[in-house]
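There are 2 protein chains.
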Amino acid sequence: MNESTRRMPADSLVVRDTVRPADTEAVRELVLATGFFSAEEVGIAAELVAERLQRGPASGYEFLFAERDGRLVAYSCFGRIPCTLVSWDLYWIAVHPDAQGTGLGRRLLQETERRVLSLGGQALYAETSGRAQYVPTRAFYTSCGYGTAAVLEDFYAPGDAKHVFVKKLG
Amino acid sequence: MNESTRRMPADSLVVRDTVRPADTEAVRELVLATGFFSAEEVGIAAELVAERLQRGPASGYEFLFAERDGRLVAYSCFGRIPCTLVSWDLYWIAVHPDAQGTGLGRRLLQETERRVLSLGGQALYAETSGRAQYVPTRAFYTSCGYGTAAVLEDFYAPGDAKHVFVKKLG
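Protein chains in written order, with this note's numbering: chain A, 5 to 174; chain B, 5 to 174.
In structure tokens form, the structure reads like this:
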């Protein structure tokens, strides 16, 4: 087993960290399928993959892609926060609706934390909305050991706060 | 008087919002001269100017350059925070050491707030370090009407917190 392809136990899930040209569209479709993100957010998710393909590690974006039978079912995008020493940001984590409720998000997040730690990160930040739609998202982070570091009222839009979660790693 | 060149009253200061190729180096020199920023930060400051030159308004970066006798003495860089409706970020504000202590930073910040408001922003965020070196910076934001929205411990480095300031505009 090498670092770039890791077979999860007890099922056909494969997690890889290499980025391929087809991932740009696959990520766009996956993020769109969740129904959770705005058009701008969907565009940015795909753009980060494209930027990684173009600039390599210098882009600052790392990825984990979870595939089942060759099909992308979840992914995470993360990177060291510029101008910080050991703080990393979980820019994206998304699980296809077909694969939700199976613990896949939790497993992918744990795999992401291991990867961040191995790359020198000591804290992983995740941001999400304070809207009712995101109650499960916030509960997800809490149950994965994240604490609320800040709540910025009216951040995304009037009445739509940003919740900043953080987990110390290692 | 047009929008792109605004002469400040009672002195020879000119503030412009157009970005010129020479600004990339001028910003690098200005930011470096302050002695306040790391090599990575200096690089990023210049990179944002280059990105604006290359991509135009689509870059998401707006600028105000304050010049005296054709020489850059201060600048600000700001933009709408992606995926937010009316939240803007003050990415950079820097005043050349020769021109510090003259109220220039305050005037440039006020001009920046007016510009953000005119572009549809309703809140301006500014982030700075919790280190002792930044006591004057934090006092500057407080005296300009900014409140502390969050303090993220160990954000920049172990023992070096990020203070997030915000001011509601309009």
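No residue lacks a Cβ here, since even glycine has one placed at the ideal position from N, Cα and C.
Per-residue contacts from residue i into chain B (C-beta, under 7 Å)
i	result
residue 22 of chain A	Those within 7 Å of residue 22 of chain A in chain B number zero; the least Cβ separation is about 26 Å.
residue 122 of chain A	What residue 122 of chain A touches in chain B: nothing, since even the nearest Cβ is about 19 Å away.
residue 45 of chain A	87
Reference residue i; option with closest CA among the options
i	options	result
residue 82 of chain B	B/128, B/170 and B/142	B/128
residue 86 of chain A	B/159, B/171, B/174 and B/167	B/159
residue 157 of chain A	A/132, A/145, A/146 and A/141	A/132
residue 18 of chain B	B/164, B/106, B/72 and B/30	B/72
residue 154 of chain B	B/146, B/147 and B/166	B/166
residue 101 of chain B	B/37, B/149 and B/140	B/37
residue 149 of chain B	B/163, B/164, B/169 and B/140	B/169
residue 164 of chain B	A/88, A/140 and A/29	A/88
residue 140 of chain B	B/59, B/60 and B/104	B/104
Beta-carbon contacts of residue i that lie in its chain and below 6 Å, excluding the five residues immediately before and after
i	result
residue 5 of chain A	Caution is warranted here: a pLDDT of 39 is assigned to residue 5 of chain A, below 50, making its placement in the model unreliable, and the coordinate value is therefore given only provisionally. Same-chain partners within the cutoff: there are none.
residue 161 of chain A	none
residue 27 of chain A	53
residue 138 of chain B	132
residue 123 of chain A	none
Beta-carbon proximity list for residue i, same chain, < 8 Å, skipping 5 on both sides
i	result
residue 125 of chain B	84, 90, 91, 92 and 173
residue 109 of chain A	78, 97, 99 and 144
residue 35 of chain B	41, 45, 46, 49, 50, 96 and 98
residue 14 of chain A	With a pLDDT of 49 at residue 14 of chain A, under the threshold of 50, the modelled position of this residue cannot be trusted; read the value that follows with caution. Closer than 8 Å at Cβ, skipping near neighbours: no residue.
residue 39 of chain A	101
residue 25 of chain B	57
residue 7 of chain B	In this prediction, residue 7 of chain B has a pLDDT of 48, which is less than 50 and means its spatial position is unreliable; nothing more can be read from the coordinates.
Under 8 Å by beta carbon: chain B residues contacting residue i
i	result
residue 168 of chain A	154 and 156
residue 48 of chain A	86 and 87
CB of residue i within 7 Å of CB of residue j, strictly
i	j	result
residue 69 of chain A	residue 20 of chain A	yes
residue 49 of chain B	residue 31 of chain B	yes
residue 147 of chain A	residue 116 of chain A	no
residue 75 of chain B	residue 65 of chain B	no
residue 94 of chain A	residue 130 of chain A	yes
Nearest-angstrom Cβ-Cβ length linking residue i and residue j, presumed shorter than 8 Å
i	j	result
residue 23 of chain A	residue 67 of chain A	6 Å
Chain A contact residues for residue i, given Cβ-Cβ distances below 9 Å
i	result
residue 161 of chain B	88, 89, 90 and 91
residue 42 of chain B	87
Proximal chain A residues relative to residue i, where beta-carbon distance stays under 7 Å
i	result
residue 127 of chain B	158
Cutoff 7 Å; reference residue i; Cβ partners in own chain excluding five residues on either side
i	result
residue 33 of chain A	none
residue 107 of chain B	none
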